[in-house]
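Chemist: Under this note's numbering, think of the first position of the sequence shown as 9, with each following residue one higher. Heads up, the beta-carbon is just placed ideally off N, CA and C, and yes, glycines get one too.
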Amino acid sequence: MWRYIGTRLLIMLPTLFGAVTLTFAVTQFVPGGPLDQILLELQQDGTPDGESAGGGSTGYTSRLSIDPAQVAELNRLYGFDQPVMLRYWETLKRFARMDLGESYFQHESVWALIRSKLPVSISLGLWTLFITYLVSVPLGVAKAVRAGSRFDFATSVLVLTGYAIPGFVLGIVLLVLFGGGTFWTIFPLRGLTSDNFAQLPLHAKVLDYLWHIVLPVTASVVSQFAIKTMLTRNSFLDEIHKQYVLTARAKGLSERSVLWKHVFRNALIPLVTGLPAAFIAAFFTNSLLIETLFSLDGLGLLSFESVKRRDYAVVLGALYLFTLIGLLAKLIGDVCYMLVDPRIKLQAGGAK
Numbered sequence: 009m010w011r012y013i014g015t016r017l018l019i020m021l022p023t024l025f026g027a028v029t030l031t032f033a034v035t036q037f038v039p040g041g042p043l044d045q046i047l048l049e050l051q052q053d054g055t056p057d058g059e060s061a062g063g064g065s066t067g068y069t070s071r072l073s074i075d076p077a078q079v080a081e082l083n084r085l086y087g088f089d090q091p092v093m094l095r096y097w098e099t100l101k102r103f104a105r106m107d108l109g110e111s112y113f114q115h116e117s118v119w120a121l122i123r124s125k126l127p128v129s130i131s132l133g134l135w136t137l138f139i140t141y142l143v144s145v146p147l148g149v150a151k152a153v154r155a156g157s158r159f160d161f162a163t164s165v166l167v168l169t170g171y172a173i174p175g176f177v178l179g180i181v182l183l184v185l186f187g188g189g190t191f192w193t194i195f196p197l198r199g200l201t202s203d204n205f206a207q208l209p210l211h212a213k214v215l216d217y218l219w220h221i222v223l224p225v226t227a228s229v230v231s232q233f234a235i236k237t238m239l240t241r242n243s244f245l246d247e248i249h250k251q252y253v254l255t256a257r258a259k260g261l262s263e264r265s266v267l268w269k270h271v272f273r274n275a276l277i278p279l280v281t282g283l284p285a286a287f288i289a290a291f292f293t294n295s296l297l298i299e300t301l302f303s304l305d306g307l308g309l310l311s312f313e314s315v316k317r318r319d320y321a322v323v324l325g326a327l328y329l330f331t332l333i334g335l336l337a338k339l340i341g342d343v344c345y346m347l348v349d350p351r352i353k354l355q356a357g358g359a360k
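(1) Straight-line CA distance for Asn-83 to Lys-125?
(2) Using 7 Å as the threshold, is the C-beta distance between Trp-119 and Leu-108 below it?
(3) Buried or exposed: which applies to Glu-81, given that a residue is buried once 16 or more other Cβ atoms fall within 10 Å of its Cβ?
(4) I need the straight-line Cα distance from Gly-308 to Ser-129, nearest angstrom please.
(5) For Gly-148, list the residues DSSP reports as bridge partners.
(6) Within a Cβ cutoff of 8 Å, which residues of the same chain sit near Leu-332, ignoring the five residues on either side of it in sequence?
(7) Buried or exposed for Arg-11, please, with buried defined as at least 16 other CB atoms from any protein chain shown within 10 angstroms of its CB.
(8) Can you tell which of Gly-199, Leu-245, Lys-213 and Gly-188 has the C-alpha that lies nearest to the C-alpha of Val-149?
(9) How many Å lie between Asp-89 and Leu-283 at the Cα?
(10) Exposed or buried, what is Trp-268 when buried is set at 16 or more other beta-carbons lying within 10 Å of its beta-carbon?
(11) Hey, how far is the Cα of Gly-62 from the Cα of Phe-302?
(12) Buried or exposed for Asp-203, going by 16 or more other Cβ atoms inside 10 Å?
(13) Would you call Ser-70 buried or exposed, if buried means 16 or more other Cβ atoms sit within 10 Å of its Cβ?
(14) Between the stretch 244-259 and the stretch 207-215, do at least 3 Cβ pairs fall closer than 8 Å?
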């Protein structure tokens, strides 16, 4: 197993290299570089009016009517006066020692920014994962036991309808209905806590947090039910028709004992081994739209704001970190598969 893990870790390097290289190349030529954004803000703060920001370039030059000496100083300060390949090489060296750089606009290290946003994104991701499994696994088992019944058909229609509704659209509907829109003012529009959260007693803090998390978590989880529910159902149905189940029934074991002592363990293997990937998906996939919609100050909103402001240090650093986490989650999932099912042997070329 350790040889397999070492091989997989080595295979991650080209993937990380490709992701960083592609993103770095895009940031060099996308219209409107970070220097243009900085100069535009300076201009809006009182610098004489000039022309609008021009397209990006490898040197991040700007056409704004700013003192050329000031532009040159900013180029030197942020390293934009260096050749592209030198900046690219410096970026690779920094990432190799896990130095993600410093934000151009917030004057903090990318690590510090990510750490400050992690609690919000982890909170949203954990609740999404917990509720998804809490609902989907029992529902999938019930559907498998009642396969072909009206209950099976009705719940399939229900979860597939939820799957067809994008989380962002559902979030808008929830805000309109329950967030002080056209109908009822029941839940807050933004944030995870109230402004006076620090002054509240402990029980009030818990209630305030739960009150704020209802709408964003609901918008995140509804579309997740279908995948886990149908996966559980189909996995149980596949196990129920295997020979060992027929043998257990022939020995006189009760249906409950057969289901929970024999079928349950084997049927849950795909769900258990997919848990790391499911957490990453809940953590990142919906975070951008949901956090932006509900004004949650997490990693999704940080990424959105960084792209909008052309804060490429944060964009590159966050993408590198997220790619690394995703690759490690996939590796952990494969190792979990082997631990749960001893029949699986991991080799350098994959699982067998």
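Modeler: Here's the rundown:
(1) Straight through space, the alpha carbons of Lys-125 and Asn-83 are spaced by roughly 29 Å.
(2) The Cβ atoms of Trp-119 and Leu-108 sit closer than 7 Å to each other.
(3) Within 10 angstroms of the beta-carbon of Glu-81 lie fewer than 16 other beta-carbons, which makes it exposed.
(4) 8 Å
(5) Answer is none; Gly-148 lacks a bridge partner.
(6) Met-20 and Leu-24
(7) A residue is called buried when at least 16 other Cβ atoms come within 10 angstroms of its Cβ; Arg-11 does not meet this threshold and is exposed.
(8) Leu-245
(9) 46 Å
(10) exposed
(11) Bear in mind that the predicted position of Gly-62 carries a pLDDT of just 42, short of 50, making it unreliable; the figure below should be weighed with that in mind. Whole-angstrom Cα-Cα distance: 32 Å.
(12) exposed
(13) Unreliable placement is indicated for Ser-70, whose pLDDT of 43 sits below 50; no coordinate value is reported for it.
(14) no
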